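Residue numbers (my numbering): 1144 to 1378.
Structural data, given as structure tokens:
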């Protein structure tokens, strides 16, 4: 995809903060008023867990983007672990370590009381899987793992600098940290990502991290890319 002439906005990890996502979108719409043509919003993953409104964030992202915008939602590691639980690859306890208790609460389920209602973990798992909206699960399953453009690659966690882009493993794209962040190897193009939280956007020569711990800090960070320039702002 070539976005050279398309004003493109990347949004960092939302983690259940619908209020911040709506504020970020309002700021994006204001910023884009003077820019020509259709604009693009790229969501960098981790829409769920930890914050209070995971279900509402997914519903919002399934709705049309703001008028005049297109939107691409990339998968983050939290979405992947949720699918792993749904598909039986991750246990309930493992899923809870990701902050999924808040996700369950957003669907009207009580994660503290639920395990007491069932005789076995299998019954608990079956109930939860049945209770989560299939439309949300299908939406997550359809999320791409990476958006590769001529000058920028958008991805949740980062890339393995030792591997060509077309050969990257999905697990690395969604979960990688040290091998990406601490590598001295050259990157093929600017990598825009989230996943590793910081107090401010982390601006490096060939990578930009937009995860500013929104669920706790109240700061959801955005980067606008247009005509070779980058503009940062936050809620």
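Each residue gets a CB set at the ideal place from its N, CA and C atoms; glycine is no exception.
Only a predicted model underlies this, so the values are computations on that prediction, with no experimental measurement involved.
From this set, 1305, 1331 and 1332, which residue's C-alpha is nearest residue 1319's C-alpha?
-> The residue given as residue 1319 occupies position 176 in the chain shown. Ranking the options by Cα distance to residue 1319, first place goes to 1305.
Distance between beta carbons of residue 1355 and residue 1194, contact taken as under 8 angstroms | In the chain shown, the residue the question calls residue 1194 occupies position 51. In the chain shown, the residue the question calls residue 1355 occupies position 212. Rounded to whole angstroms, the Cβ separation of residue 1194 and residue 1355 is 13 angstroms, and the two are not in contact under 8 angstroms.
Kindly give me the distance between the Cβ atoms of residue 1200 and residue 1161, rounded to whole angstroms, as I take these residues to be in contact under 8 angstroms.
-> Translated into the one-based positions of the chain shown, residue 1200 becomes position 57. Translated into the one-based positions of the chain shown, residue 1161 becomes position 18. Correct: roughly 5 angstroms between the Cβ atoms.
Leaving out the 5 sequence neighbours to the left and right, which residues in its chain are closer than 6 angstroms to residue 1315 when beta-carbon positions are compared?
-> Here residue 1315 refers to the residue found at position 172 when the chain shown is read from its first residue. Here the set comprises 1303.
Compute the Euclidean distance between the alpha carbons of residue 1273 and residue 1190, then round it to the nearest angstrom.
-> As a position in the chain shown, residue 1273 is number 130, starting the count at 1. As a position in the chain shown, residue 1190 is number 47, starting the count at 1. Roughly 21 angstroms separates the two Cα atoms.
Simplified DSSP state of residue 1369, which is helix, strand or coil = If you number the chain shown from 1, residue 1369 lands on position 226. It is a strand residue.
Any idea if residue 1192 is buried or exposed, counting beta-carbon neighbours within 10 angstroms, 16 or more meaning buried?
-> Counting from one through the chain shown, the residue named residue 1192 turns up at place 49. Buried, by the Cβ-count rule.
Hey, would you say residue 1167 sits closer than 7 angstroms to residue 1363, going by beta carbons?
-> For the purposes of this step, residue 1167 is taken as the residue at position 24 of the chain shown. For the purposes of this step, residue 1363 is taken as the residue at position 220 of the chain shown. For residue 1167 and residue 1363, yes; Cβs fall inside 7 angstroms.
C-alpha distance - residue 1275 paired with residue 1164, whole-angstrom precision = On the chain shown, residue 1275 is found 132 positions in, with the first residue counted as 1. On the chain shown, residue 1164 is found 21 positions in, with the first residue counted as 1. Cα-Cα distance, rounded: 22 angstroms.
Contact set for residue 1261: own chain, Cβ-Cβ below 8 angstroms, skip 5 residues either direction | As a working note, residue 1261 is residue 118 in the chain shown. Once the five neighbours on either side are set aside, the close Cβ partners of residue 1261 are 1267 and 1270.
Determine the DSSP secondary structure at residue 1176, reduced to helix, strand or coil.
-> Mapped onto the chain shown, residue 1176 falls at position 33. Residue 1176 falls in the coil class under three-state DSSP.
Who are the Cβ neighbours of residue 1283 in its own chain at under 8 angstroms, not counting the five residues just before and after it?
-> What you label residue 1283 is simply residue 140 of the chain shown in a count that begins at 1. Hits under 8 angstroms: 1201, 1218, 1222, 1225 and 1226.
Taking the runs of the beta strand (DSSP E) that are 3 residues or longer, which of them lie wholly in the segment 1323-1351?
-> 1333-1336 and 1345-1347
Just checking my contact of residue 1336 with residue 1220 at CB under 8 angstroms: how many whole Å lie between their CB atoms?
-> For the purposes of this step, residue 1336 is taken as residue 193 along the chain shown, with counting starting at 1. For the purposes of this step, residue 1220 is taken as residue 77 along the chain shown, with counting starting at 1. About 11 angstroms; that fails the 8 angstroms criterion.
Please go through the segment 1291-1324 and give each complete beta strand (DSSP E) segment of 3 or more residues, from N-terminal end onward.
-> Secondary structure in the segment 1291-1324: the beta strand (DSSP E) runs of 3 residues or longer, each lying completely within the stretch, are 1295-1298 in chain order.
So residue 1264 and residue 1235 are in contact, right, with Cβ under 8 angstroms, and what is the actual spacing, rounded?
-> Numbered from 1 along the chain shown, position 121 holds the residue referred to as residue 1264. Numbered from 1 along the chain shown, position 92 holds the residue referred to as residue 1235. With a Cβ gap of about 6 angstroms, residue 1264 and residue 1235 count as contacting.
By Cβ distance, which residues of its chain are closer than 6 angstroms to residue 1172, with the 5 residues on each side in sequence left out?
-> Counted from its first residue, the chain shown places residue 1172 at position 29. So the qualifying residues of the chain are 1209.
Spatial neighbours of residue 1258 in its chain, beta-carbon cut-off 7 angstroms, leaving aside the 5 residues before and after = Within the chain shown, the letter at position 115 stands for residue 1258. Excluding residues within five positions, the ones whose Cβ falls inside 7 angstroms are 1267.
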